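S.K.:
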Amino acid sequence: MKRWNNYLWIFSLTYLLLGFVNILFAWLGLICFITPLLISVFGGGKAYCNNYCGRGQLFQLLGKKLRLSRNRDIPNFLRTKWFRYGFLTFFMIMFMNMLFATYLVFEGTNGLQEVITLLWTFKVPWQWANSTTISPWITQFAFGFYSVMLTSTILGIITMVLFKPRSWCIYCPMGTMTQGICKLKEIRKDESDGRESKTSS
Amino acid sequence: MKNIKKAVISNQCVACGTCVSICPFNAINIFKGIRAVVDVELCVGCGKCKSACPGSIIEIQEMEESQ
Ligand code: SF4
Ligand code: SF4
Ligand code: SF4
Chain R
1 MKRWNNYLWI
11 FSLTYLLLGF
21 VNILFAWLGL
31 ICFITPLLIS
41 VFGGGKAYCN
51 NYCGRGQLFQ
61 LLGKKLRLSR
71 NRDIPNFLRT
81 KWFRYGFLTF
91 FMIMFMNMLF
101 ATYLVFEGTN
111 GLQEVITLLW
121 TFKVPWQWAN
131 STTISPWITQ
141 FAFGFYSVML
151 TSTILGIITM
161 VLFKPRSWCI
171 YCPMGTMTQG
181 ICKLKEIRKD
191 ESDGRESKTS
201 S
Chain Y
202 MKNIKKAVIS
212 NQCVACGTCV
222 SICPFNAINI
232 FKGIRAVVDV
242 ELCVGCGKCK
252 SACPGSIIEI
262 QEMEESQ
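Taken in order, these protein sequences are the chains called R and Y. Position one of the first sequence corresponds to residue 1 (our numbering), numbered consecutively onward. Position one of the second sequence corresponds to residue 202 (our numbering), numbered consecutively onward.
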């Protein structure tokens, strides 16, 4: 039976479209960044990936229902820990870089850059989506954050077409991070259980 | 003793949950956000999870039913 959370792909799709209308909507994407982390930190495991990720649903829909996926096995290297955690590290460095660019605009060192950077390389002019007169750093963050979201969507779509509908989930930084948090929590729990059993014996 | 088929999940699982939502018999759970685990009592070895798993890390293995 379909529940409300089966339709979260509509949210993801709308989010991507809104970025073409007004870049400030990009801030809404923080929900998809903070919610999964909070859920895993507070003991909800990977409930976000499992039940509430609109992006995962969107890929499933495009790949399976619309048959856009070749449905091939993903290459082995993409599922290794090295690649997954390496990609997460790279992703986080680029994210920090984006935050630093926002800081430079906040501080006044740099002017606002009305571009979307795709795949961390290609700069696409995007000034038509900015009609605001608020503090430039707020807009700069929106451009930067939307670049991250659009880049990961493009990578996800390429992976969906080449391999299986949700193959992006194998190396999605959000998924790797939340699984990593769950593993760390389990290790810490095991250690404290171990200490408790030692002291009680 | 007869042979039965069951899904077996490798430890490369990323706990994405695709297999959980696809399994018609609710035979898979995500264990503490770490990995998927199969309930061998419920699994019938239909292979739906194997074809849906984005990492192709599920195998359908034949086992001997122990009774
Ligand atoms: S791995 Fe990423 S894309 Fe896949 S369900 Fe989790 S957060 Fe969504
Ligand atoms: S679909 Fe594959 S990777 Fe995802 S939880 Fe199931 S076994 Fe793990
Ligand atoms: S083989 Fe079929 S019954 Fe067994 S876990 Fe996979 S989908 Fe479920």
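For glycine and all other residues, C-beta sits at the position ideal for the given N, C-alpha and C. Owing to the predicted nature of the structure, the values given are computational and were not obtained by experimental measurement.
(1) Using 9 Å as the limit for Cβ to Cβ distance, is Q140 (chain R) near chain Y?
(2) Which residues in the same chain have their Cβ closer than 6 Å to the Cβ of R72 (chain R), if we skip the five residues on either side of it in sequence?
(3) How many whole angstroms separate the CB atoms of F59 (chain R) and G156 (chain R), which I take to be in contact at a CB cut-off of 8 Å?
(4) For K206 (chain Y), collect the residues of the same chain with a Cβ closer than 6 Å to its Cβ; drop the 5 residues on either side in sequence, then sort them by chain order.
(5) Apply the 10 Å Cβ neighbour rule to G194 (chain R) and answer buried if 16 or more other Cβ atoms are within range, or exposed otherwise.
(6) Check the Cβ-Cβ distances between V238 (chain Y) and every residue of chain R, and say whether any is below 9 Å.
(7) From what residue to what residue does the alpha helix (DSSP H) around N97 (chain R) run?
(8) Give a yes or no on whether the C-beta atoms belonging to F106 (chain R) and V148 (chain R) are separated by under 9 Å.
(9) Have a look at the DSSP bridge pairing and note the partners of E260 (chain Y).
(10) Among R:M1, R:N51, R:M177, which one has its Cα closest to the Cα of F91 (chain R)?
(11) Residues around ligand 1, please: the condition is that the C-beta lies closer than 5 Å to some non-hydrogen atom of it.
(12) Identify whether N230 (chain Y) lies in helix, strand or coil by the three-state DSSP scheme.
(13) Going along chain R in order, which residues have a C-beta closer than 8 Å to the C-beta of P225 (chain Y)?
(14) Leaving out the 5 sequence neighbours to the left and right, which residues in its chain are closer than 7 Å to A142 (chain R) when beta-carbon positions are compared?
(15) For T139 (chain R) and I10 (chain R), I'd like the C-alpha separation in whole angstroms.
(16) Could you check the C-alpha separation between I170 (chain R) and P255 (chain Y) for me, to the nearest Å?
(17) Taking C-beta to C-beta, are I74 (chain R) and S257 (chain Y) nearer than 9 Å?
(18) Note down, in chain order, all residues in the stretch 202–226 of chain Y with a beta-carbon under 7 Å from any beta-carbon belonging to chain R.
(19) Any Cβ of chain Y within less than 9 Å of the Cβ of L191 (chain R)?
(20) Between I34 (chain R) and chain Y, is any beta-carbon pair separated by less than 9 Å?
(21) So what's P75 (chain R) in DSSP terms, helix, strand or just coil?
(22) Does the separation of the CB atoms of V221 (chain Y) and G175 (chain R) fall below 9 Å?
(23) Considering R236 (chain Y), what are the terminal residues of the beta strand (DSSP E) in which it resides?
(24) Span of the beta strand (DSSP E) holding N134 (chain R)?
(25) Closest by CA to Y7 (chain R), which one among R:L17, R:C49, R:G54, R:L30?
(26) Taking its Cβ as the centre, do 16 or more other Cβ atoms sit within 10 Å of N50 (chain R), making it buried, or is it exposed?
(27) By the three-class DSSP mapping on this structure, what secondary structure does K65 (chain R) have?
(28) Taking Cβ positions only, does C244 (chain Y) come closer than 9 Å to chain R?
M.R.: According to the data block:
(1) no
(2) F163
(3) 6 Å
(4) Around K206 (chain Y): G246, I261, E263.
(5) exposed
(6) no
(7) Residue range 81–107 is occupied by the alpha helix (DSSP H) that includes N97 (chain R).
(8) no
(9) Residue pairing by DSSP places E260 (chain Y) opposite Y:V209 in a beta bridge.
(10) R:M177
(11) Per the Cβ criterion, the list is R:C49, R:C53, R:R55, R:G56, R:C169, R:C172, R:M174, R:G175.
(12) strand
(13) Near P225 (chain Y) there are no residues of chain R at all, since even the closest Cβ is about 14 Å away, more than 8 Å.
(14) I23, L24, A26, W27
(15) 25 Å
(16) 7 Å
(17) Yes, Cβ-Cβ distance for I74 (chain R) and S257 (chain Y) is below 9 Å.
(18) Q213, V215, A216, C217, G218, T219, V221
(19) With the sequence shown as reference, residue 191 (chain R) is identified as Glu, and Leu is not the correct amino acid for it. Nearest CB-CB separation between E191 (chain R) and chain Y: not below the 9 Å threshold.
(20) no
(21) coil
(22) no
(23) 236–239
(24) Just to set this straight, residue 134 (chain R) is Ile in the shown sequence, not Asn. First-last for I134 (chain R): undefined, no H or E at that position.
(25) R:G54
(26) buried
(27) helix
(28) no
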